[in-house]
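Working notes for the structure below.
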Amino acid sequence: MAKMEGLAHIGVFITDIERSKKFYEDVLDFETIWECGVEEKDGTVTNVAFVKNGSLVLELVRTANPQKRQDGWVDHIALAVEDIEGIQKILEERGIEFEMDAPVLGANVFPNGAKWLTFRGPDGEHLEINEVFPY
Numbered sequence: 001m002a003k004m005e006g007l008a009h010i011g012v013f014i015t016d017i018e019r020s021k022k023f024y025e026d027v028l029d030f031e032t033i034w035e036c037g038v039e040e041k042d043g044t045v046t047n048v049a050f051v052k053n054g055s056l057v058l059e060l061v062r063t064a065n066p067q068k069r070q071d072g073w074v075d076h077i078a079l080a081v082e083d084i085e086g087i088q089k090i091l092e093e094r095g096i097e098f099e100m101d102a103p104v105l106g107a108n109v110f111p112n113g114a115k116w117l118t119f120r121g122p123d124g125e126h127l128e129i130n131e132v133f134p135y
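For the sequence shown, position 103 matches number 103 in full-length UniProt numbering, and the numbering has no gaps at all.
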């Protein structure tokens, strides 16, 4: 069996590296841990920035041609939290507008339920804060 150690990172297509880094750093308390450019076969450069919060790493990807990749889609990125109402307040103070007024309670999503709120990142990426009740 091929043992997986965990999730290495999630790649997110963005249009502006600096704007996205500022959002993830200033609003969601991520830290930029690495930036580089990757030369593609066609000679263009794809710029990437890796940002980290806890054990979660996102790879912010800016291609020379934003329409270049259309092969796969991620619906949303859910960030695990322990106090969803407390995090909601902090993020609202930082300018986040949630897509609902209060956390959604999903009693059947996990064995003992969960609460979540969704919002958008600077390029429209669908983000969620999620509190799973212990089981």
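Glycine residues also receive a C-beta, built at the ideal position from the N, C-alpha and C atoms.
The model shown is predicted, which means the values in this text are computed figures rather than measured ones.
Asked                                                                                         : Found
Selected residue, minimal CA-CA separation from Val74, among Glu92, Lys115 and Gly124         : Gly124
DSSP bridge partner residues for Arg62 (one or two, in chain order)                           : Asn47
First and last residue of the uninterrupted alpha helix (DSSP H) at Leu91                     : Ile84 to Glu93
The stretch 86-99 contacting the stretch 117-133, beta-carbon criterion three pairs below 8 Å : yes
Chain D within 8 Å of Val45, Cβ atoms only                                                    : Any reference to chain D falls outside this structure, which holds one protein chain only.
Identity of the residues DSSP links to Ile77 by a beta bridge                                 : Leu127
Spatially closest choice to Asp16 from Lys115, Gly95, Gly113 and Thr63, by CA coordinates     : Thr63
Nearest-angstrom Cα separation, counted from Glu92 out to Gly86                               : 10 Å
Backbone CA spacing between Ile33 and Val48 [nearest angstrom]                                : 11 Å
Nearest to Phe110 (by Cα), restricted to the options Leu127, Pro134 and Ile90                 : Pro134
Contact belief for Val27 with Leu60 at Cβ below 8 Å, rounded distance in angstroms            : At roughly 14 Å, the Cβ-Cβ gap does not stay under 8 Å, so Val27 and Leu60 are not in contact.
Where the beta strand (DSSP E) through Glu31 begins and ends                                  : Glu31 to Glu39
Presumed contact (8 Å Cβ cut-off) between Glu31 and Val51, rounded CB distance                : 7 Å
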